[in-house]
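Working notes, beginning with the structure itself.
Numbering (the numbering used here), first residue to last: 575 to 761.
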């Protein structure tokens with residue numbers, strides 16, 4: 575329906591935990607192939623930016639975590655070789671340039687970790703998505719992100735988008751906020 579509405583020249587990209595968990599199946603499904611141009615697995619932040627840069631030359635094999643339609647084999651996806659995982663130093667102050675976030679939200683969303691420290695539950699996709707890898711920014715880095723977001727957005731409320739933050743991290747963060755006299759609401 576999207577391609578009918580906006581034209582065949584648009585590209586449709588799917589990603590996220592469920593795409594990662596089922597990528598091998600999805601990459602062989604004819605119905606998916608007919609509808610979806612790219613599948614992004616694992617952490618998609620950097621691969622999505624690289625995919626946007628790769629469009630003019632259509633050189634997709636250098637984009638990590640990507641399944642792209644194989645120009646040599648109709649109905650098949652080709653899988654890139656590179657794998658990208660975010661690391662704690664990659665967690666930055668959210669950038670809402672061009673979007674007045676505080677006009678729409680009372681709080682600023684933050685993400686300071688990826689994965690799950692347990693990654694063993696059979697019902698969850700994290701074990702396959704991140705191969706049991708868990709990264710989290712330090713409480714000190716998180717406080718620096720909060721301070722910068724306060725400065726940029728004037729926010730005094732923050733909410734974490736993370737799927738799992740360890741109790742030790744949360745305790746150290748709370749202590750750091752108190753020590754630095756940072757009076758915010760967070761959850």
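Even for Gly, the Cβ is constructed at its ideal location relative to N, Cα and C.
Supposed contact pair residue j and residue i - C-beta distance, whole angstroms, cut 8 angstroms
{"i": "residue 681", "j": "residue 733", "result": "5 angstroms"}
{"i": "residue 786", "j": "residue 695", "result": "Residue 786 lies beyond the range of the chain shown here (575 to 761); nothing can be said about it."}
{"i": "residue 658", "j": "residue 621", "result": "6 angstroms"}
{"i": "residue 580", "j": "residue 607", "result": "With a Cβ gap of about 19 angstroms, residue 580 and residue 607 do not count as contacting."}
{"i": "residue 604", "j": "residue 649", "result": "6 angstroms"}
{"i": "residue 609", "j": "residue 597", "result": "Wrong, their Cβ atoms sit about 15 angstroms apart, outside the cutoff."}
{"i": "residue 676", "j": "residue 718", "result": "Not a contact, Cβ separation roughly 20 angstroms."}
Whether residue i touches residue j by CB criterion (9 angstroms)
{"i": "residue 655", "j": "residue 635", "result": "yes"}
{"i": "residue 611", "j": "residue 653", "result": "no"}
{"i": "residue 599", "j": "residue 615", "result": "no"}
{"i": "residue 546", "j": "residue 725", "result": "In this structure the chain extends from 575 to 761, so residue 546 is not present and cannot be described."}
Straight-line gap, residue i to residue j (C-alpha atoms, nearest Å)
{"i": "residue 722", "j": "residue 667", "result": "7 angstroms"}
{"i": "residue 684", "j": "residue 639", "result": "23 angstroms"}
{"i": "residue 744", "j": "residue 713", "result": "8 angstroms"}
{"i": "residue 628", "j": "residue 755", "result": "45 angstroms"}
{"i": "residue 727", "j": "residue 584", "result": "33 angstroms"}
{"i": "residue 586", "j": "residue 752", "result": "45 angstroms"}
{"i": "residue 747", "j": "residue 632", "result": "44 angstroms"}
{"i": "residue 679", "j": "residue 626", "result": "28 angstroms"}
{"i": "residue 588", "j": "residue 601", "result": "11 angstroms"}
{"i": "residue 669", "j": "residue 698", "result": "29 angstroms"}
Candidates the options, of which the one nearest residue i by Cα
{"i": "residue 739", "options": "716, 757 and 726", "result": "716"}
{"i": "residue 731", "options": "759, 753, 719 and 590", "result": "759"}
{"i": "residue 592", "options": "604, 607 and 617", "result": "617"}
{"i": "residue 708", "options": "693, 746, 678 and 633", "result": "693"}
{"i": "residue 720", "options": "698, 750, 742 and 637", "result": "750"}
{"i": "residue 711", "options": "697, 742 and 590", "result": "742"}
Residue i at chain C interface by Cβ criterion, 9 angstroms
{"i": "residue 734", "result": "Of the protein chains in the structure, only one exists, and it is not chain C."}
At 4 residues or longer, what runs of the alpha helix (DSSP H) sit wholly inside the stretch 612-651? 619-628
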